[in-house]
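**Q** From first to last, the protein sequence lines are chains A and B. Take my numbering: the final residue in the first sequence is number 401, and no numbers are missing along the way. Take my numbering: the final residue in the second sequence is number 1591, and no numbers are missing along the way.
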Amino acid sequence: MKHLLKQGSSLSLLIVACLLLSSCWSSSPIEDVNLEAGVALDVAEETETEQDLAQKGGEYPKRNKVSCTYQFLIPQGAIGSKKEGAQSKNYYNATQTGDSIFEAVRELSLRSNRLPIGHHLKTIVIGEELARTTKLSELIEFFSRDNDIRPSVLLFISKGKAREVFRDSLPGQTPAFVLNGTFNNRRRITRIWEPVSMAKVVGPLHGHTSFALQNVVVSGKETKFSGVAVIKGSTGKLGGFLDEAELDGLVWLTGKGEGGSVKTYSSDNNKLVTYEITGMDSKIKASVNGDKIAFHVLIESKGRIAEAYFAGGERLVGGTIRKARETLEKKVQDMVKNTVRKMQHELQADVAGFGKSLQIQHPSVWNKVKTNWDTVFSSVPITYEVKLNIEDYGASSTTSD
Amino acid sequence: MMWSVITGWFPGWSVMFQGLILLIVPIVITLTVDWIRTFEGKVSKRGQKAKAALNKDGGATSLKGTKGAEGTKSNKTTFIAGKDDSGGSGNNDEQENPDQSYTGNVDKDLRLFKEISSDMADVNIRELRIGALQIKAVLLFVDGLTDKDSMDRNILRPLMNAVLPFEGMTEAPEAEELKRIIVERIIHVSEIEYTIDPVKSLKKVLFGSAVLMVDGMKELFVLGTPKGRTRGGEEPVSEALLRGSRIGFNETLSDNTAMLRRHGQNTELAMISFTVGKRVEKELVLTYIRDIANEALVEEIKRRLLTIDIDDVQESGFVEQLIEDDFLSPFQQIQNTERPDRVMAAMLEGRAAILLDGTPFALIMPVTFGMLLQSPEDYFDRWMAGSLLRTLRFFAALVSLFAPALYISFLSFHPGLIPTKLVISIISSRQGVPFPSLIEALIMEVSIEILREAGLRLPKPIGPAMGIVGGLIIGQAAVEAGIVSPILVIVVAVTAISSFAMPMYSAGITLRLLRFVAMFFAAVFGMYGVIMFFLLLSSHLIRLKSFGVPYLGLMVPSHLRDWKDFIIRLPLHLLKRRPALLKPKDPIRKG
Chain A
1 MKHLLKQGSS
11 LSLLIVACLL
21 LSSCWSSSPI
31 EDVNLEAGVA
41 LDVAEETETE
51 QDLAQKGGEY
61 PKRNKVSCTY
71 QFLIPQGAIG
81 SKKEGAQSKN
91 YYNATQTGDS
101 IFEAVRELSL
111 RSNRLPIGHH
121 LKTIVIGEEL
131 ARTTKLSELI
141 EFFSRDNDIR
151 PSVLLFISKG
161 KAREVFRDSL
171 PGQTPAFVLN
181 GTFNNRRRIT
191 RIWEPVSMAK
201 VVGPLHGHTS
211 FALQNVVVSG
221 KETKFSGVAV
231 IKGSTGKLGG
241 FLDEAELDGL
251 VWLTGKGEGG
261 SVKTYSSDNN
271 KLVTYEITGM
281 DSKIKASVNG
291 DKIAFHVLIE
301 SKGRIAEAYF
311 AGGERLVGGT
321 IRKARETLEK
331 KVQDMVKNTV
341 RKMQHELQAD
351 VAGFGKSLQI
361 QHPSVWNKVK
371 TNWDTVFSSV
381 PITYEVKLNI
391 EDYGASSTTS
401 D
Chain B
1001 MMWSVITGWF
1011 PGWSVMFQGL
1021 ILLIVPIVIT
1031 LTVDWIRTFE
1041 GKVSKRGQKA
1051 KAALNKDGGA
1061 TSLKGTKGAE
1071 GTKSNKTTFI
1081 AGKDDSGGSG
1091 NNDEQENPDQ
1101 SYTGNVDKDL
1111 RLFKEISSDM
1121 ADVNIRELRI
1131 GALQIKAVLL
1141 FVDGLTDKDS
1151 MDRNILRPLM
1161 NAVLPFEGMT
1171 EAPEAEELKR
1181 IIVERIIHVS
1191 EIEYTIDPVK
1201 SLKKVLFGSA
1211 VLMVDGMKEL
1221 FVLGTPKGRT
1231 RGGEEPVSEA
1241 LLRGSRIGFN
1251 ETLSDNTAML
1261 RRHGQNTELA
1271 MISFTVGKRV
1281 EKELVLTYIR
1291 DIANEALVEE
1301 IKRRLLTIDI
1311 DDVQESGFVE
1321 QLIEDDFLSP
1331 FQQIQNTERP
1341 DRVMAAMLEG
1351 RAAILLDGTP
1361 FALIMPVTFG
1371 MLLQSPEDYF
1381 DRWMAGSLLR
1391 TLRFFAALVS
1401 LFAPALYISF
1411 LSFHPGLIPT
1421 KLVISIISSR
1431 QGVPFPSLIE
1441 ALIMEVSIEI
1451 LREAGLRLPK
1461 PIGPAMGIVG
1471 GLIIGQAAVE
1481 AGIVSPILVI
1491 VVAVTAISSF
1501 AMPMYSAGIT
1511 LRLLRFVAMF
1521 FAAVFGMYGV
1531 IMFFLLLSSH
1541 LIRLKSFGVP
1551 YLGLMVPSHL
1561 RDWKDFIIRL
1571 PLHLLKRRPA
1581 LLKPKDPIRK
1591 G
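(1) Please determine, among B:1587, B:1589, B:1583, the residue with the shortest C-alpha to C-alpha distance to residue 1294 of chain B.
(2) Can you give me the C-alpha to C-alpha distance between residue 1198 of chain B and residue 1542 of chain B, rounded to a whole angstrom?
(3) Under 9 Å between the Cβ atoms of residue 941 of chain B and residue 1287 of chain B?
(4) Interface residues of chain B around residue 175 of chain A at Cβ under 8 Å?
(5) Which word fits residue 382 of chain A, buried or exposed, when buried means at least 16 other C-beta atoms lie within 10 angstroms of its C-beta?
(6) Can you name the residues of chain A whose CB is closer than 7 Å to the CB of residue 1437 of chain B?
(7) Of the residues that make up the segment 63 to 77 of chain A, which ones have a beta carbon closer than 7 Å to any beta carbon in chain B?
(8) Show which residues of chain B have a CB atom less than 7 Å away from the CB atom of residue 11 of chain A.
(9) What residues in its chain sit with their C-beta under 6 Å from that of residue 1304 of chain B, if we drop five residues either side in the sequence?
(10) In chain order, what residues of the same chain lie with their CB nearer than 6 Å to the CB of residue 1308 of chain B, ignoring the 5 residues before and after it?
(11) For residue 243 of chain A and residue 397 of chain A, I'd like the C-alpha separation in whole angstroms.
(12) Pick out whichever of A:41, A:37, A:98, A:33 has its Cα sitting closest to the Cα of residue 59 of chain A.
(13) Can you tell me the Cα-Cα spacing of residue 1389 of chain B and residue 360 of chain A, whole angstroms?
(14) DSSP on residue 1039 of chain B, reduced to helix/strand/coil?
(15) Name the two residues that bound the continuous beta strand (DSSP E) containing residue 299 of chain A.
(16) In chain order, what are the residue ranges of uninterrupted beta strand (DSSP E) at least 3 long that sit wholly in the segment 1471 to 1527 of chain B?
(17) Which stretch, first to last residue, makes up the alpha helix (DSSP H) that contains residue 1556 of chain B?
(18) Assuming residue 301 of chain A and residue 280 of chain A are in contact, meaning their beta carbons sit under 8 Å apart, how far apart are those beta carbons, in whole angstroms?
(19) Would you report the Cα separation of residue 1352 of chain B and residue 1289 of chain B, rounded to the nearest angstrom?
(20) When the cut-off is 9 Å and only beta carbons count, does residue 1415 of chain B lie next to chain A?
(21) Given 8 Å as the limit, tell me if residue 67 of chain A has its C-beta closer than that to any heavy atom belonging to the ligand NAD.
(22) Inspect the beta-carbon positions of residue 1521 of chain B and residue 1529 of chain B and report whether they are closer than 9 Å.
(23) So, using beta-carbon positions, are residue 338 of chain A and residue 249 of chain A closer together than 9 Å?
(24) On the three-state DSSP scale, how would you describe residue 1102 of chain B?
(25) Once you ignore the five residues that flank residue 1413 of chain B on each side, which residues in its own chain have a CB closer than 6 Å to its CB?
(26) Mind listing the chain B neighbours of residue 148 of chain A? Cutoff is C-beta to C-beta under 7 Å, in chain order.
(27) How is residue 13 of chain A classed by DSSP in three states: helix, strand or coil?
(28) Can you check which of these residues, A:194, A:105, A:131, is closest to residue 183 of chain A by C-alpha distance?
(29) What whole-angstrom Cβ distance do residue 1428 of chain B and residue 1487 of chain B have, given they're in contact under 8 Å?
(30) In its own chain, which residues sit with a C-beta less than 7 Å from the C-beta of residue 362 of chain A, not counting the 5 before and 5 after it?
(31) Do the segment 218 to 237 of chain A and the segment 166 to 173 of chain A make contact, defined as three or more Cβ pairs closer than 8 Å?
(32) Hey, would you say residue 254 of chain A sits closer than 9 Å to residue 352 of chain A, going by beta carbons?
(33) Which runs of the alpha helix (DSSP H) at least 4 residues long sit entirely within the segment 177 to 264 of chain A? Give them in chain order.
(34) With a floor of 4 residues, list each alpha helix (DSSP H) that falls wholly inside the segment 82 to 167 of chain A, ordered by position along the chain.
(35) Between which two residues does the beta strand (DSSP E) carrying residue 1336 of chain B extend?
(36) Comparing the C-beta of residue 117 of chain A with each C-beta of chain B, is any distance below 9 Å?
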């Protein structure tokens, strides 16, 4: 009996020891983490804080190449309704300049008691200047390799300084989340490019094909989506921008829009007609004749009349509507042509997926031209066909007056 | 050179240590469990007891057919065997025994009756002599179903005192004459029927009538004696239903057996009486449906009942613990219930039940996992509602088991698995909470368990008030004092409510116990620990057996047909078979 008791007690001791030894392996209490919400990458330019710290000796050996600005969340508000200072910000930004992006974020650990974690990183904004001089693949290398950071992080380019995008926001908002949330408005406007996540970028970067990233500009507390930045496949760097109107054309060209408007002035009486898009689709048909490649773009859309300023209270039937439709179709075609002209002649980059169509429809031809597709693309003839289908006129079937 | 290449591939000490732990821990667990088992075996001497009991010729000392069944034990087995050979699956005794009818000879008839009622210990046989002529007669009735008082007054006394009606007779009159005399002049009972069919007479006896067998008469008197006393079929407190019978077992064994008999007419409901307890003897009834329950199961239960060696069996919980398969398992392998309808339903599936005198809790065995989450209501409501409630209960069981563990592991290990907006509000709610999530969760879980335990003992009028004080005020105050986060209060509340969604109170306790283990696993290893715990639990459950029936039998797809009545319950007309898992004698329920 004694023997058994001894055995039992030693066993329980072992179990307790195991439990104590293990304690809480690799646990990090959630209140002690610093959630990264966004990162802004700029060409090296130390902030005042950094300069001040460096003067006091807070520095490490490095070459100043990139300034990483991390946006950290300050959790507050939602539940603790009694907490004072509703106006206080939900976030703070910390900038670290250096050469290694990873080292920079680790250096930031010296400036906070909380552990920075990247699980909830949503946004990476890259400044224009940096994007023009550094390969995008190098810039996102750390973020795509890190285990914590999701490949669904969205990429943006900012005309100007990227860190400015994160600097300020309307009360209660977090700039990094505002950027992501803006994509929800794609149903309302065609001047938003599709959200491009890190996962989607890796392929084109490896395949040296061009693609577009949403451009964002900032003024005061507000950010605005403004056209797209074109990353050229040949260089992997920023090649140029398409402005809002050209983005409109790009969206029509690719059929990626979910909704929006087209505005035009009717040719005969110069009155405004606005068309609301409820659906769009485009087909790019590649045709190869010998060595000659040509594309035909068929754009189809359905929608309704949102505004019609024709005089005389005309009913929106027959000729009136046909005329309106034709002007609108022409307008769309003009926008698309304008965009393609810019892509072909100024940027020399195909971001509308012509190459993809060719690859699918004529793989053998594609294999011949794919190495310098952007150059080939700039001289390819493209024809257009736009079909709008006005399905209804809203609540009123007549024009305005 | 080559040697250094080879050693280069050897893992380092830390990896070696981990491998060693992985190897040793399961071995240690296995050895410990084995050791505990052998220790228990040595101390309780269960095995020897069982052998000894079996050697004593079916354990005649404790297996005692009380009253009516006495002396027919040797016949019984042959009778059952013979019936099985000839009978097939139906219970149509009338067709089976056309030659068996009463002869008019009391001794013979009584033997015949005893044969067909062989496994029914609650059938009482009262032999008497009628009146002055001392005509042999037997009164058959079921204890608890007949009003003994009025039977004594209106049947027994007039019969035994009958002198006047037989005035001038020296010999028993003709059958017709005797019948007339008895009916018209002796018995004070309004309802009288006659039968010569043994099966019908048994049915009548089992349904509460007293049957009188008189020497020289082929016909038996079926005397409608009103139902006797019952200590109210009060609604079971632990298993309340919205829909379904409101009756629950009480403390009187005969009442309880009567409730089962009362469920409906059925001649195949066997009730075998045992006496348990050395110092304080108590009656225990093993009941099953003869043509459904698997013979081997019944034999095994009998064998285990014979191994019970204790001075007093205070409650059926004693029986449960003494005959269960694995006393180291946190899961109950025998279900207890206060509901007769539940017992009947289980028996109709091919299970057996044990009733013990002095407790309203009957035991149902074998148990499969699904039973713990099923309620009789599932069958009473329409199938969609029943299925919904069942699915809900499975979900509630999961929540009750894992919610705090998931809370701990998400908060301490995997902030990335929580949606961003939620993680922000969790962090903000946890600002200033001084404890790690494990301690925080333990504080709340332990206090709610204390509250629940205390709530049981509180006097009824204060109970709800204390619940409010405990639940609402302490919870609210704890949040405001910054000891726990509001999210945790939600988690704990949901967990507590979920554990009450278990239709079986004891199953709820098991989950409560395991929840704490899961919490520690989560605190040490995070999600990995929770998953390991789940696997550990699964591997335990998969080898757990209740009376030879796999506990998780329904989960493994070897009996896909049984899935019709598992997580969802299909319409009744599709449930044509009894659970194949139980290997019932008659696998077809209907159709």
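Ideal placement from N, C-alpha and C gives every residue a C-beta, glycine not left out.
**A** Short version:
(1) Here residue 1294 of chain B refers to the residue found at position 294 when the second sequence is read from its first residue. Measuring C-alpha to C-alpha distances from residue 1294 of chain B to each of B:1587, B:1589, B:1583 identifies B:1583 as the nearest.
(2) Here residue 1198 of chain B refers to the residue found at position 198 of the second sequence. Here residue 1542 of chain B refers to the residue found at position 542 of the second sequence. Here the alpha carbons of residue 1542 of chain B and residue 1198 of chain B stand approximately 47 Å from one another.
(3) A question about residue 941 of chain B goes unanswered here, because the residues of chain B that appear run from 1001 up to 1591.
(4) In the first sequence, residue 175 of chain A corresponds to position 175, counting from 1. Listed along chain B, no residue sits closer than 8 Å to residue 175 of chain A by beta-carbon distance, the nearest being about 14 Å off.
(5) To locate residue 382 of chain A, count along the first sequence from 1; it is residue 382. With 16 or more Cβ atoms within 10 Å of its Cβ, residue 382 of chain A is classed as buried.
(6) Walking along the second sequence from the start, residue 1437 of chain B turns up at place 437. Those are 29, listed as they occur along chain A.
(7) For the segment 63 to 77 of chain A, residues whose beta-carbon sits nearer than 7 Å to a beta-carbon of chain B comprise 73, 75, 76, 77.
(8) Position 11 of the first sequence, counted from the first residue, corresponds to residue 11 of chain A. 1032, listed in chain order.
(9) Here residue 1304 of chain B is taken as the residue at index 304 of the second sequence, counted from 1. Here the set comprises 1323.
(10) Residue mapping note: residue 1308 of chain B aligns to position 308 of the second sequence, counting from 1. Once the five neighbours on either side are set aside, the close Cβ partners of residue 1308 of chain B are 1276, 1322.
(11) The sequence position of residue 243 of chain A within the first sequence is 243, counting from 1. The sequence position of residue 397 of chain A within the first sequence is 397, counting from 1. Going by the C-alpha atoms only, they are around 35 Å apart.
(12) In the first sequence, residue 59 of chain A corresponds to position 59, counting from 1. Closest option to residue 59 of chain A, Cα to Cα, is A:98.
(13) Your numbering for residue 1389 of chain B matches position 389 in the second sequence. Your numbering for residue 360 of chain A matches position 360 in the first sequence. When the Cα atoms are used, residue 1389 of chain B and residue 360 of chain A turn out to be separated by approximately 52 Å.
(14) In the second sequence, counting from the first residue as 1, residue 1039 of chain B sits at position 39. Residue 1039 of chain B: helix per DSSP, three-state reduction.
(15) For the purposes of this step, residue 299 of chain A is identified with residue 299 of the first sequence, where counting begins at 1. Where residue 299 of chain A is concerned, the enclosing beta strand (DSSP E) stretches over 292 to 308.
(16) Restricted to the segment 1471 to 1527 of chain B, not a single beta strand (DSSP E) segment is unbroken, complete and at least 3 residues in length.
(17) Looking up residue 1556 of chain B in the second sequence gives position 556. Per DSSP, residue 1556 of chain B is not a residue of any alpha helix (DSSP H), being assigned neither H nor E.
(18) Stepping through the first sequence from its first residue, residue 301 of chain A is reached at position 301. Stepping through the first sequence from its first residue, residue 280 of chain A is reached at position 280. Yes, residue 301 of chain A and residue 280 of chain A are in contact; Cβ-Cβ is about 4 Å, under 8 Å.
(19) If you number the second sequence from 1, residue 1352 of chain B lands on position 352. If you number the second sequence from 1, residue 1289 of chain B lands on position 289. Their Cα atoms are separated by approximately 8 Å.
(20) Walking along the second sequence from the start, residue 1415 of chain B turns up at place 415. Contact of residue 1415 of chain B with chain A is assigned, a C-beta pair being separated by under 9 Å.
(21) By its list of ligands, the structure shown contains no ligand whatsoever, and the ligand NAD lies outside what it can speak to.
(22) In the second sequence, counting from the first residue as 1, residue 1521 of chain B sits at position 521. In the second sequence, counting from the first residue as 1, residue 1529 of chain B sits at position 529. Using a Cβ distance threshold of 9 Å, residue 1521 of chain B and residue 1529 of chain B count as a contacting pair.
(23) As a position in the first sequence, residue 338 of chain A is number 338, starting the count at 1. As a position in the first sequence, residue 249 of chain A is number 249, starting the count at 1. Against a cut-off of 9 Å, the Cβ pair of residue 249 of chain A and residue 338 of chain A comes out as a contact.
(24) One-based indexing of the second sequence puts residue 1102 of chain B at position 102. DSSP places residue 1102 of chain B in coil when its eight states are reduced to three.
(25) As a first step, residue 1413 of chain B is located in the second sequence; it is residue number 413 there, counting from the start. For residue 1413 of chain B, where only same-chain residues beyond five positions count, the Cβ hits under 6 Å are 1526.
(26) Taking the first residue of the first sequence as 1, we reach residue 148 of chain A at position 148. Correct list: 1416.
(27) As a first step, residue 13 of chain A is located in the first sequence; it is residue number 13 there, counting from the start. DSSP places residue 13 of chain A in helix when its eight states are reduced to three.
(28) The count along the first sequence starts at 1 and reaches residue 183 of chain A at position 183. Of the residues A:194, A:105, A:131, the one whose Cα lies closest to the Cα of residue 183 of chain A is A:194.
(29) The residue you call residue 1428 of chain B lines up with position 428 of the second sequence. The residue you call residue 1487 of chain B lines up with position 487 of the second sequence. With a Cβ gap of about 10 Å, residue 1428 of chain B and residue 1487 of chain B do not count as contacting.
(30) Counting from 1 along the first sequence, the entry for residue 362 of chain A is found at position 362. Correct list, in chain order: 286, 288.
(31) They touch, by the three-pair rule.
(32) Your numbering for residue 254 of chain A matches position 254 in the first sequence. Your numbering for residue 352 of chain A matches position 352 in the first sequence. Note that the C-beta distance between residue 254 of chain A and residue 352 of chain A is below 9 Å.
(33) Listed in chain order, they are 198 to 207, 244 to 254.
(34) Segments of the alpha helix (DSSP H) lying fully in the segment 82 to 167 of chain A: 101 to 108, 128 to 133, 136 to 139, 141 to 145, 162 to 167.
(35) Counting from 1 along the second sequence, the entry for residue 1336 of chain B is found at position 336. From DSSP, the beta strand (DSSP E) with residue 1336 of chain B extends over 1335 to 1337.
(36) Taking the first sequence and counting its residues from 1, one reaches residue 117 of chain A at position 117. With 9 Å as the cut-off, residue 117 of chain A counts as an interface residue toward chain B.
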